[in-house]
Every structure is written in structure tokens, then in C-alpha cells.
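Just below is one structure, and these are the notes that go with it.
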Amino acid sequence: MVKPLTSRPRDLVYFIFFVMHIFASLCVDFQPLYPPALVPSGLRQLAEWYLTTSNDPLLKSAFGLSDDPRIWFKSFLFLEVFFQFPTFFIAARGLWNDSQKTYLLILVYAASTATTVWACVATIIATPGLAADELGMLLSSYIPFCVIPLIMTVDMAFRLHRMVADALSAQEASKSK
Numbered sequence: 006m007v008k009p010l011t012s013r014p015r016d017l018v019y020f021i022f023f024v025m026h027i028f029a030s031l032c033v034d035f036q037p038l039y040p041p042a043l044v045p046s047g048l049r050q051l052a053e054w055y056l057t058t059s060n061d062p063l064l065k066s067a068f069g070l071s072d073d074p075r076i077w078f079k080s081f082l083f084l085e086v087f088f089q090f091p092t093f094f095i096a097a098r099g100l101w102n103d104s105q106k107t108y109l110l111i112l113v114y115a116a117s118t119a120t121t122v123w124a125c126v127a128t129i130i131a132t133p134g135l136a137a138d139e140l141g142m143l144l145s146s147y148i149p150f151c152v153i154p155l156i157m158t159v160d161m162a163f164r165l166h167r168m169v170a171d172a173l174s175a176q177e178a179s180k181s182k
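Quick note on our numbering: the sequence shown kicks off at 6 and runs consecutively.
Next up, the structure:
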């Protein structure tokens, strides 16, 4: 029987994270990859406001507004499109249905994401010329997308470890009968 999502607080946080990330990806992260004519003016204005307010060196490079092309960051955007984005849907559905079958995918997603976002955070911290308010906005924008997947990585690793240990115990018990 499926336990309600509200009775699984970590899963509820992860579910909200994945659903929210669907919209963040579509509205902001993927914009540099869209043909400009297809971007609604409201979304374009949102990105322009964010770039003006935060001076985000990574997204500025993705939008072609920087002399540094940061190809590595663009490769992370493609990783988000082709791996992370589909994972948001699969993971959200798996969490909604209390399916342990998605734990491995969530673990791989979370470890990959924590690693890539950490590289972004390190780059932002090392970027010269950012004002204190810009740095604060950038860190508050990026760090949750590093910390939550990091927690998710550890949590899913422990869940999978417990599942494997239980399966091995059951296997040993059936052999001794």
C-alpha cells in the first residue's frame, strides 16, 4: 500500500523540488537554448531582470552576453535537458507513488547534480567584480540546487544500502531453509 506523500517528509521535499525544477528549467535554464523568436516576452523579461539583477556570469555566457563562452557550463545545460529534465518527471511520479524502483535513478541524478552545481558555485565565488548583493543573490539561487541534491544523494544511498542488506538477509534466510 502506498504511504501518502505527506507522511514522508523528505520525499515530499524532493517531490516539490522536482516539480518546481521543471518550471525553473523551462522558464529560465533552457532559455539560452531556445530560438529567440519562440521565447514569450514575459519569460524573456524574467531572464533579463535576473541577469541585470544578479550579473550571473554563467547564464550571461550561456546567453552569449560574455566574452568567456564557458563551454563547460553549456555542456551542463545539455545534461540538464537530456538527463535531468526527464528525471524530474520520473522521480516526481516515483515519489508520488512511493516507488522504491526510482531510488537508483534519483541517486544518480542527485550525485550528478550536486557535482555540477558545486562547480557553478565555485566559479561564482571565484568570479571577480561581483558586488556583494549580486554574490548574495547568486549564492541563494545556486546553493539550494546543490545542497538538496547532496542530501538526496546521501539519503538515497542509505535507502538503497538498506534495501540490498534486506534482500541479502532474505536470500540467506531462504538458503538456510
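C-beta: ideal position from N, C-alpha, C; glycine also.
For threonine 120, report the span of its alpha helix (DSSP H) as first-last. 108-131
Rounded separation between arginine 13 and proline 74 - CA only: 42 Å
Length of the line joining the Cα atoms of alanine 42 and valine 33: Spanning the two alpha carbons is a distance of roughly 15 Å.
Measure the C-alpha to C-alpha separation of alanine 136 and alanine 96 and round it to an integer number of angstroms. In this model, alanine 136 and alanine 96 are separated by some 37 Å (Cα to Cα).
Just mark aspartate 61 as buried or exposed, buried being the case when its beta carbon has 16 or more other beta carbons within 10 Å. buried
Under 8 Å by Cβ, that's how I've got alanine 119 and cysteine 151 pegged, so tell me the actual separation to the nearest angstrom. 6 Å
Would you call isoleucine 129 buried or exposed, if buried means 16 or more other Cβ atoms sit within 10 Å of its Cβ? buried
Collapsed DSSP secondary structure at leucine 43 in the structure displayed: helix
Can at least three beta-carbon pairs, one atom from the stretch 89-107 and one from the stretch 36-50, be found at a separation below 8 Å? no
Closest by CA to proline 149, which one among Asp16, Ile111, Phe22, Asp72? Phe22
Can we say the stretch 153-172 touches the stretch 68-87, given the rule of at least three CB pairs closer than 8 Å? no
What number of angstroms, rounded off, separates the C-alpha of leucine 173 from the C-alpha of alanine 52? 51 Å
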